[in-house]
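Written out below as structure tokens is the structure these notes cover.
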Amino acid sequence: MRFPSPVSLSWIADLIGAEIVGDPNLTVTGINELHKVEKGDLAFVDHPKYYDKCLNSEATFIIINNKAVTIPEGKAILLVDAPFDAYQKITHHFLPFTPSNKSISDSAFIGEGTVIMPHTFIGNNVSIGKNTVIFPNVTIMDHSIIGDNVVIQAGTVIGGDAFYYNTKKNRDVWFKKMNSCGNVVIEDNVEIGSNCTIDRGVSASTIIGKGTIIDNLVQVGHDVVIGKNCIIASQVGIAGATTLEDGVTLWGQVGVNKTITIGKGAVVLGQGGVTSSIEGGKTYWGTPIMVAVEKHRENLWLKRLPELWKKVMDQK
Amino acid sequence: MRFPSPVSLSWIADLIGAEIVGDPNLTVTGINELHKVEKGDLAFVDHPKYYDKCLNSEATFIIINNKAVTIPEGKAILLVDAPFDAYQKITHHFLPFTPSNKSISDSAFIGEGTVIMPHTFIGNNVSIGKNTVIFPNVTIMDHSIIGDNVVIQAGTVIGGDAFYYNTKKNRDVWFKKMNSCGNVVIEDNVEIGSNCTIDRGVSASTIIGKGTIIDNLVQVGHDVVIGKNCIIASQVGIAGATTLEDGVTLWGQVGVNKTITIGKGAVVLGQGGVTSSIEGGKTYWGTPIMVAVEKHRENLWLKRLPELWKKVMDQK
Amino acid sequence: MRFPSPVSLSWIADLIGAEIVGDPNLTVTGINELHKVEKGDLAFVDHPKYYDKCLNSEATFIIINNKAVTIPEGKAILLVDAPFDAYQKITHHFLPFTPSNKSISDSAFIGEGTVIMPHTFIGNNVSIGKNTVIFPNVTIMDHSIIGDNVVIQAGTVIGGDAFYYNTKKNRDVWFKKMNSCGNVVIEDNVEIGSNCTIDRGVSASTIIGKGTIIDNLVQVGHDVVIGKNCIIASQVGIAGATTLEDGVTLWGQVGVNKTITIGKGAVVLGQGGVTSSIEGGKTYWGTPIMVAVEKHRENLWLKRLPELWKKVMDQK
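Chains P, Z and X are the protein sequences, given in the same order. Note that our numbering has the first sequence beginning at 11, numbered continuously upward. Note that our numbering has the second sequence beginning at 11, numbered continuously upward. Note that our numbering has the third sequence beginning at 11, numbered continuously upward.
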């Protein structure tokens with residue numbers, strides 16, 4: 011997340027009770043997880059395995075639990091016992107969780123001609139465009155941005171927290187959820203079916219591109235970016251931080267792995283499991299995913315196994 | 011959809027700004043998509059590839075974007091630039107979307123002894139029978155018909171719009187949703203679990219037959235017809251316009267393709283992918299679907315491959 | 011279910027109109043389905059195939075539709091025409107369905123610091139601990155027990171009825187739902203995503219162990235017991251009465267069969283189908299489930315089939 015305005019490193023150190031190694035008057039512009047971090051940002055690291063990666067990332071300031079590290083030129087560290095807790099404290103300070111107790115938060119903006127049906131919840135700082143229809147029992151959590159001419163059918167949840175946890179198996183509770191500092195952005199002319207779940211990003215936005223259509227019971231993980239004019243059939247699941255380029259088609263019950271890319275215009279047939287990135291312009295099938303005609307051929311070979319076995323036995 | 015009462019062809023032409031080729035005093039009884047169309051009905055076609063199919067269908071009146079076609083005896087055409095938009099205009103005229111802003115619409119009928127729990131939405135012209143129980147946070151959209159002794163558990167959505175779109179890849183927004191003119195019919199003694207989605211038909215009814223039981227998170231597409239006394243386990247997905255005959259069993263996470271038929275008493279084991287129609291009275295498994303014992307045998311052959319390979323190598 | 015206090019056998023016989031064969035002054039402590047029944051309990055049986063199993067179970071009292079059976083020493087039978095209906099009558103007497111018509115039932119207990127967001131339903135006798143957050147449009151049905159520091163995201167349904175039916179194919183309605191007499195217990199520090207469904211037990215509790223995290227659109231069947239610190243990714247389905255030991259990981263869209271056990275620390279990769287019990291400490295994949303490296307090897311053998319075929323042909 012970007013801070014509303016930059017703050018000094020000493021102010022951050024006070025907030026989290028850290029010792030600064032470096033210039034305390036430097037200016038901090040934001041805080042992000044490692045793969046989204048930029049110059050001027052804070053990042054945190056709490057495991058020696060990742061120390062070097064974090065120290066040599068784009069981050070200018072590193073919240074860390076060990077002083078005995080080599081600090082690159084122009085960077086500073088903030089020494090604390092529990093870097094993850096410090097991260098939570100900083101993000102919570104700038105983006106506190108203040109749940110609305112109204113059906114439609116006072117800070118929500120609803121465009122002209124938009125219909126909101128009963129029992130729908132619209133959280134804080136949500137913005138909805140014009141001529142959009144939100145069916146009953148929908149939940150739109152804080153900071154979501156929804157365009158014009160969008161349809162969201164009943165029971166769908168937009169902007170749920172990312173399924174993203176700090177894991178340590180040497181404590182009583184292994185998983186601690188990282189604050190979700192990102193949001194959901196739904197562009198114009200998107201249609202989303204019933205009882206879908208679209209999670210907000212951890213530090214960036216989960217984006218559904220213009221004109222994309224999504225059927226019922228679909229899961230879209232945190233920080234997923236879906237292009238324009240995609241078709242996503244019922245019960246598809248897309249794991250975190252994956253990209254679908256424009257015009258992708260995923261048929262029913264397809265599963266897509268995290269942090270991969272599905273190329274422009276690719277088609278994945280029903281129940282396919284997209285284990286790694288795939289090129290655009292082709293049709294795929296199976297788990298692990300294969301080009302559909304090759305998977306079909308493999309199935310045919312499989313059916314010829316008894317015949318092959320017999321041939322081999324006959325040769326004896 | 012059938013119109014409430016027949017109208018003249020010239021009245022329709024005025025509504026959509028069409029040029030009539032044929033007798034303007036003919037009477038129009040309804041409008042339907044091609045596979046449900048009957049004599050006296052309107053249908054529309056906007057792609058030369060489907061001109062002949064539509065002109066020679068049961069439809070008496072064809073909304074089309076080309077005058078240079080051969081009109082069969084006893085039929086008339088309505089010439090417009092955008093046949094799909096004309097279809098939308100006609101269906102919207104007879105079945106306008108006027109969303110209820112109440113928890114239970116004034117035009118809904120609720121039978122004696124029926125319990126509606128909090129935060130449930132009941133739309134316009136919904137009819138619910140006797141001694142039915144609707145749990146909290148359920149959404150029942152307009153025109154749904156629900157029988158006696160039905161149970162619908164929390165969060166389920168009945169009568170969401172069909173996932174059915176007019177597609178043109180040469181415009182900015184590729185997909186335009188066809189108005190759903192059908193509804194959902196749930197017969198007596200049906201039980202539906204939590205967070206399911208049962209879509210309404212595009213021009214006919216999505217039907218759940220008497221005594222059928224459906225577990226949680228199940229997707230039933232538009233115009234699906236499910237027979238009596240079927241069991242549908244959790245996370246099953248059934249695509250549009252498919253038929254399940256009586257007494258069918260689908261175990262967990264089964265996926266069923268669109269516009270196919272599953273025969274009476276068929277059983278599909280967990281995670282099966284029913285790619286094409288299957289006969290009744292048998293047990294099936296796998297993707298693509300196979301008779302279960304054959305699939306099992308195939309798996310055994312697969313396990314013997316290393317042994318076969320060795321045999322072949324030894325023969326060298 | 012355990013009765014609030016023991017009752018005499020003759021009182022039960024009056025309630026269900028049964029003939030007692032045995033001592034009418036014996037004391038009955040509860041009623042349960044066969045696999046949970048204990049000494050002093052009632053059980054019911056209505057099919058000759060299961061007569062012996064039921065008569066020789068832990069149950070002291072057997073509701074049965076046939077007098078001509080051998081009653082074990084120290085037991086008694088209750089003769090009725092329809093044992094299942096008698097079971098329903100008894101369970102309904104002690105645990106009547108009296109749906110709350112309020113957003114939060116008067117008999118619900120909500121701990122200090124707990125946040126309940128709008129459009130959430132909390133049923134009768136629900137207990138929620140401290141500092142728990144319940145998002146909007148959640149449904150928590152009667153008798154659920156939820157701990158401290160729990161997060162339940164929007165649209166999730168806790169405590170829906172078990173998908174558990176008495177089946178007789180010689181009557182008009184084949185399936186009659188057994189009353190769910192169990193509940194759901196969610197321990198401290200559990201996090202559950204959006205639009206999940208966690209069913210209550212039939213006669214015991216469905217339990218989610220401390221610190222377990224569950225993503226969106228997950229199905230947990232009746233009487234499932236999940237250990238501590240498990241990770242369950244999106245769209246996983248777990249069928250009834252299955253056990254997950256501590257520290258189990260199920261990735262996206264995994265399906266788990268009923269009444270099996272997944273051992274401590276086991277990992278199941280995406281879309282796996284866990285057909286039978288698996289040992290802890292290993293990584294699994296595929297349907298039917300296999301140790302992942304073996305499944306991977308099997309896939310490689312499959313890819314070598316054309317090469318093998320060629321070898322065999324060349325030997326001719």
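The C-beta atom is built at its ideal place from N, Cα and C for all residues, glycine as well.
Asked	Found
Contact belief for Asn267/X with Val284/X at Cβ below 8 Å, rounded distance in angstroms	6 Å
Chain X contacts made by the region 231 to 251 of chain P, where a contact means CB separation under 8 Å	Gly231, Gln245, Gly247, Ala249
Chain-ordered neighbours of Ser113/Z on chain P, where CB pairs are closer than 9 Å	Pro128, His129, Pro146
Close-in-space but distant-in-sequence residues of the same chain around Asn147/Z (CB under 6 Å, 5 per side omitted)	His129, Ala164, Gly165
Nearest candidate by alpha-carbon position, reference Glu31/P, set Glu83/P, Lys63/P, Met11/P, Ile41/P	The sequence given here has Val at residue 31/P, not Glu. Closest by alpha carbon: Glu83/P.
Distance, Val303/Z Cα to Leu315/X Cα	22 Å
Length at least 4, wholly inside the region 34 to 88 of chain Z: the alpha helix (DSSP H) runs in chain order	58 to 65
Alpha-carbon spacing of Glu197/Z relative to Val161/Z, whole angstroms	11 Å
Contained beta strand (DSSP E) runs [length at least 3] in the region 191 to 252 of chain P, N- to C-terminal order	193 to 196, 207 to 209, 215 to 218
9 Å Cβ cutoff, Trp311/X in contact with chain Z	yes
The region 201 to 210 of chain P touching the region 127 to 141 of chain P, judged by at least three CB pairs closer than 8 Å	no
Residue interval of the alpha helix (DSSP H) (run including Trp311/Z)	302 to 313
Assigned secondary structure, Tyr97/P (DSSP; H/G/I helix, E/B strand, else coil)	helix
contact_flag[the region 168 to 188 of chain P, the region 143 to 157 of chain P] where n(CB pairs < 8 Å) is 3 or more	yes
Outcome for Thr177/P when other beta-carbon atoms lying within 10 angstroms are tallied against a minimum of 16	exposed
Expected contact under 8 Å - CB spacing of Asp52/Z and Ile73/Z to nearest Å	Note that residue 52/Z corresponds to Leu in the displayed sequence, not to Asp. Leu52/Z to Ile73/Z, Cβ: 6 Å. Contact.
Beta-carbon neighbours of Leu254/P, restricted to chain Z and to distances below 8 Å	Ordered by position in chain Z, no residue passes the 8 Å Cβ test against Leu254/P, which lies about 14 Å from the chain.
Residue ranges of each beta strand (DSSP E) within the region 251 to 303 of chain Z, 3 or longer	293 to 295
Contacts around Gly50/Z, its chain only, beta-carbon distance under 6 Å, and the 5 residues preceding and following it disregarded	Thr39, Thr70
Interface residues of the region 163 to 195 of chain P facing chain Z [CB-CB below 7 Å]	Gln163, Ala164, Gly165
Beta carbon proximity, Ile100/Z to chain X, threshold 9 Å	no
is_contact[Leu105/P, chain Z] using C-beta, thresh 9 Å	no
In DSSP terms, what Gly170/X is bridged to	Asp209/X
Any chain X beta carbon closer than 9 Å to Lys292/Z	no
Under 7 Å by beta carbon: chain P residues contacting Val322/Z	Val322
Near-chain X residues of the region 259 to 283 of chain Z (beta-carbon distance less than 7 Å), N- to C-terminal order	Gly262, Gln263, Gly280, Gln281
Contact check, Leu227/Z vs Gly247/X, beta carbons under 9 Å	yes
Cβ neighbours of Lys238/X in the same chain (closer than 8 Å, five flanking residues each side left out)	Glu197, Gly219, Lys220, Gly221, Thr222, Asp256, Gly257
Neighbour-count burial assignment, Ser15/Z, 16 or more Cβ in a 10 Å radius	exposed
Opening and closing residue of the beta strand (DSSP E) in which Ile22/Z lies	That residue, Ile22/Z, is in no beta strand (DSSP E); its alpha helix (DSSP H) goes 19 to 26.
For Leu19/Z, the nearest candidate out of Ile217/Z, Asn35/Z, Ala28/Z (CA to CA)	Asn35/Z
For Gly121/P, the nearest candidate out of Gln325/P, Asn141/P, Ile114/P, Ser215/P (CA to CA)	Asn141/P
Candidates Asn66/P, Asp91/P, Lys63/P: closest to Asn76/P by CA position	Asp91/P
Short Cβ contact (9 Å threshold) for Ser244/P with Gly203/P	yes
Beta-carbon separation (whole angstroms), Ile242/P vs Leu260/P, contact threshold 8 Å	5 Å
Ser190/X versus Val212/X: straight-line alpha-carbon distance, rounded	4 Å
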